[in-house]
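So the protein sequences, as listed, match chains A and B.
Per my numbering, the very first residue in the first sequence carries number 1299; after that it's consecutive.
Per my numbering, the very first residue in the second sequence carries number 1299; after that it's consecutive.
2 protein chains.
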Amino acid sequence: MSTHELAGVAAGSGKAPLIDGLQYANWSEKIFRQMREGGVDAVHVTITYHENFRETVLNIERWNRWFEQFPELIMQGRTAGDIALARKTGRTAIFFGSQNPSCMEDDIGLVEILHTLGLRFMQLTYNNQSLLASGCYEAVDSGITRMGREVIAEMNRVGLVIDMSHSGERSTLEAIELSARPVAITHANPASWHAAGRNKSDAVLQALASTGGMLGFSLYPHHLQHGSACTLQGYCDMICRTAELMSPDCIGIGSDLCQDQPDSVVEWMRTGRWTKSIDFGEGSASEPGFPDMPDWFSDNRHFGQIASGLKNAGMSDSDIAGVMGGNWQRFYAESFTSTEGYPTEQGIPGIQQRQQQ
Amino acid sequence: MSTHELAGVAAGSGKAPLIDGLQYANWSEKIFRQMREGGVDAVHVTITYHENFRETVLNIERWNRWFEQFPELIMQGRTAGDIALARKTGRTAIFFGSQNPSCMEDDIGLVEILHTLGLRFMQLTYNNQSLLASGCYEAVDSGITRMGREVIAEMNRVGLVIDMSHSGERSTLEAIELSARPVAITHANPASWHAAGRNKSDAVLQALASTGGMLGFSLYPHHLQHGSACTLQGYCDMICRTAELMSPDCIGIGSDLCQDQPDSVVEWMRTGRWTKSIDFGEGSASEPGFPDMPDWFSDNRHFGQIASGLKNAGMSDSDIAGVMGGNWQRFYAESFTSTEGYPTEQGIPGIQQRQQQ
């Protein structure tokens, strides 16, 4: 199978969809067109970090204008079925996510409101302590808070995925245990491959896999062995090893692509409004901005390279199809709807559940 | 046909649904149960007056808790199809509306956001001048504003009904003319029957009817001839005369039922935050609170009385079925979806529309 054909398998001409588990680009028509060129069927996009609810709504309003302006390129994704719809109509389905719970403020009622507005992923923490859990850069990880337990149950109820990409080890393990539905780590890599604060221990990855959760492999250089110089082969070999550790069915891509963003944005991501000083996060005083992407992946047209790299690394075609999107599609299908279910003519699932309890 | 059978026709045992075009009760399990007893299939409920966006969202959160708490009595209505679903599952469909545009603040992007959250009606004004139009109690009605024209087009696009119940004559006529989709006056009566500032001229009613709009007849005593002493016969005769003026197909009930509300609520409705003084609105210093309802209609169990009264007033069974809900159902079916249409496998309506322009 040629590289081109492999890219085709992953990029929408075959049965498996091509799905990226996380991007936060400086969105533009150029990038939406690159998604189409790359055959990307669906992307989980970060719409908010430290923004409060009203500011997050303003960000959704901006997406609504893009949906109105480019209906031939993108559409909002709300259910897994929208991925198939996007493919059939030649567009990319955009699923919303938040990298911090700032958008829900201190109000559990906003969980359902945000879900109604299309939010499908929410991190319980960014790098710091939140009202819900501890971030991966806190000195002490005190686990899931009182409110965190309530919010996990509410996220489970409405179908909003718990994303622990930026959380601490204890908080992540507790969230996996407390959540009644599978949890996601949308963008991170194994710490055993590259020991960064944001990468995950084997214990976390195994707990995630054993509960049906998903890991999206990051392409953000600070998460990569050798950073921007990471090779395609090194990255793909790491994926193959992680498939053995976790299972080939619970891994995908979560590129963390921050295309065309100015460095002011990474400063906002890291500092928000929690400090008046500078915090370099994964960067440093000498390297404060966005790092350069690896030369084999810099935009949405390059997912075929990864499919090809996985083939060279010895992964089977069916496992490659899963990694490139099939696994995310299954996870989306299991995750985005209410456990109570929207009432149908067949009955009211919520009532039945309650009566059985 | 007996009174009981007539009530049955209107109350859900026949083909026509029973729909109330506006209520603003102090909601409780008691009232939800009365809706079921009365066979009310759908109600347009006011969820906000002077509240800003965030406060309106808090009100929706409160409704979400009621939907979660009483799934066997009520469900949120989003499309006309939800009325049939509510009937089949023995519940009342609740459709959200706002009596003032405060909820969209000065941000046209909130029109789509509020629609996504379920808002299906929005008045362009309460009694005062708004950013969009003039209210019925302003000395000067300057018509639809610059922003008002933009918001009307946006409401038309997303499927949010323009409700002119509390607007001035000129603003109302202009809204009817400017709107590409039918407009509603959800709760008012003809001024020719009772000359109140809130009731509507024959010119307005005829313009409404000629464009496929809907009038909901109010049962709020300040809108009734002889106020709380209005007779059922007087009310039903008025409906029959208005059917001749407008057509029997564009009229329904909009009870304006404010059941169990304390008088502090009518003060909030009238004064909001626009004055530090008291404004009595339709009331007076001697009668500042909610007026007593007519003895033949005080809660959701009494719609059968109106159906019966219309029969006695000589209205045909099919016209009665229309007035009691069939006409609202048709209007809901025409009004609540986007003109661009959600993309389907058959294509993307928005693109086709644009290309034709």
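From the three backbone atoms N, C-alpha and C, an ideal C-beta is built for every residue, glycine too.
Note that the structure is a prediction, hence the values are computed from the model and not measured.
{"query": "R1571 of chain A versus A:N1426, A:T1390 and A:G1446, residue with shortest Cα-Cα distance", "result": "A:N1426"}
{"query": "Same chain only: Cβ atoms within 7 Å of S1463 of chain B, ignoring 5 sequence neighbours per side", "result": "Q1421, I1483, T1484, H1485 and A1486"}
{"query": "Run of the alpha helix (DSSP H) containing R1360 of chain B, from where it starts to where it stops", "result": "F1351 to Q1367"}
{"query": "Same chain, Cβ closer than 8 Å to D1597 of chain B, neighbours up to 5 away in sequence not counted", "result": "I1329, Q1332, G1336, L1555 and Q1557"}
{"query": "Pick from B:M1453, B:G1552, B:A1382 and B:A1323 that is closest to L1412 of chain B, judged by C-alpha positions", "result": "B:M1453"}
{"query": "Contact with chain A by T1346 of chain B, beta-carbon distance below 8 Å", "result": "no"}
{"query": "Own chain residues within Cβ distance below 7 Å of A1378 of chain B, not counting five before or after", "result": "Q1627, Y1630, A1631 and F1634"}
{"query": "Exposure label - N1665 of chain A; buried when at least 16 CB within 10 Å", "result": "Because chain A spans 1299 through 1655 in this model, residue 1665 of chain A falls outside it and cannot be assessed."}
{"query": "Segment contact, 8 Å Cβ cut-off, at least three pairs: the segment 1377–1397 of chain A with the segment 1342–1351 of chain A", "result": "yes"}
{"query": "Closer than 8 Å to chain B by CB, V1355 of chain A", "result": "yes"}
{"query": "Proximity test, Cβ basis, 8 Å: N1362 of chain A and chain B", "result": "yes"}
{"query": "Of the listed residues B:A1619, B:S1553 and B:S1562, nearest to H1600 of chain B (C-alpha basis)", "result": "B:S1553"}
{"query": "Chain A residues whose Cβ lies nearer than 7 Å to that of L1503 of chain B", "result": "Correct list: empty, because the minimum Cβ distance to chain A is about 35 Å."}
{"query": "Reduced DSSP secondary structure (H/G/I, E/B, other) of K1313 of chain A", "result": "coil"}
{"query": "Within-8 Å CB hit, R1418 of chain B to chain A", "result": "no"}
{"query": "Stretch pair the segment 1471–1482 of chain B + the segment 1522–1535 of chain B: three plus CB contacts closer than 8 Å", "result": "no"}
{"query": "Rounded separation between I1317 of chain A and G1550 of chain A - CA only", "result": "8 Å"}
{"query": "Beta-carbon contacts of A1493 of chain B that lie in its chain and below 6 Å, excluding the five residues immediately before and after", "result": "none"}
{"query": "C-alpha distance - A1309 of chain A paired with D1380 of chain A, whole-angstrom precision", "result": "With a pLDDT of 45 at A1309 of chain A, under the threshold of 50, the predicted position of this residue should be treated as unreliable, and no value is reported."}
{"query": "CB contact below 8 Å: R1444 of chain A versus chain B", "result": "no"}
{"query": "Beta bridge counterpart(s) of S1582 of chain B as assigned by DSSP", "result": "B:E1585"}
{"query": "Contacts around E1327 of chain A, its chain only, beta-carbon distance under 7 Å, and the 5 residues preceding and following it disregarded", "result": "F1368"}
{"query": "Interface partners of G1410 of chain B on chain A, CB under 7 Å", "result": "Reading off the sequence shown, one finds Glu at residue 1410 of chain B, where the question assumed Gly. Near E1410 of chain B (Cβ distances below 7 Å), the residues of chain A are N1362."}
{"query": "Among B:F1578, B:Q1531, B:R1568 and B:Q1559, the one whose alpha carbon lies nearest that of M1613 of chain B", "result": "B:Q1531"}
{"query": "Rounded separation between E1638 of chain A and R1376 of chain A - CA only", "result": "17 Å"}
{"query": "Continuous alpha helix (DSSP H) stretch holding M1657 of chain B: start and end", "result": "Nothing in the structure corresponds to residue 1657 of chain B, since chain B is present only between 1299 and 1655."}
{"query": "Candidates A:A1314, A:V1338, A:Y1322 and A:K1313, of which the one nearest P1560 of chain A by Cα", "result": "A:Y1322"}
{"query": "Endpoints, alpha helix (DSSP H) assigned at D1461 of chain B", "result": "That residue, D1461 of chain B, is in no alpha helix (DSSP H); its beta strand (DSSP E) goes V1459 to D1461."}
{"query": "Distance between T1387 of chain A and I1406 of chain A (C-alpha atoms, nearest Å)", "result": "36 Å"}
{"query": "Cβ contact check for the segment 1430–1447 of chain B and the segment 1460–1474 of chain B: 3 or more pairs under 8 Å", "result": "yes"}
{"query": "Range covered by the alpha helix (DSSP H) that runs through I1406 of chain B", "result": "Note, I1406 of chain B: premise wrong, no alpha helix (DSSP H); not H, not E."}
{"query": "For D1318 of chain B, three-class secondary structure by DSSP", "result": "strand"}
{"query": "Rounded straight-line distance, which links the Cα of W1364 of chain A to that of W1325 of chain A", "result": "9 Å"}
{"query": "Pairwise C-alpha distance: S1616 of chain A and C1548 of chain A", "result": "13 Å"}
{"query": "Local conformation of F1393 of chain B per DSSP, three classes", "result": "strand"}
{"query": "For A1451 of chain A, three-class secondary structure by DSSP", "result": "helix"}
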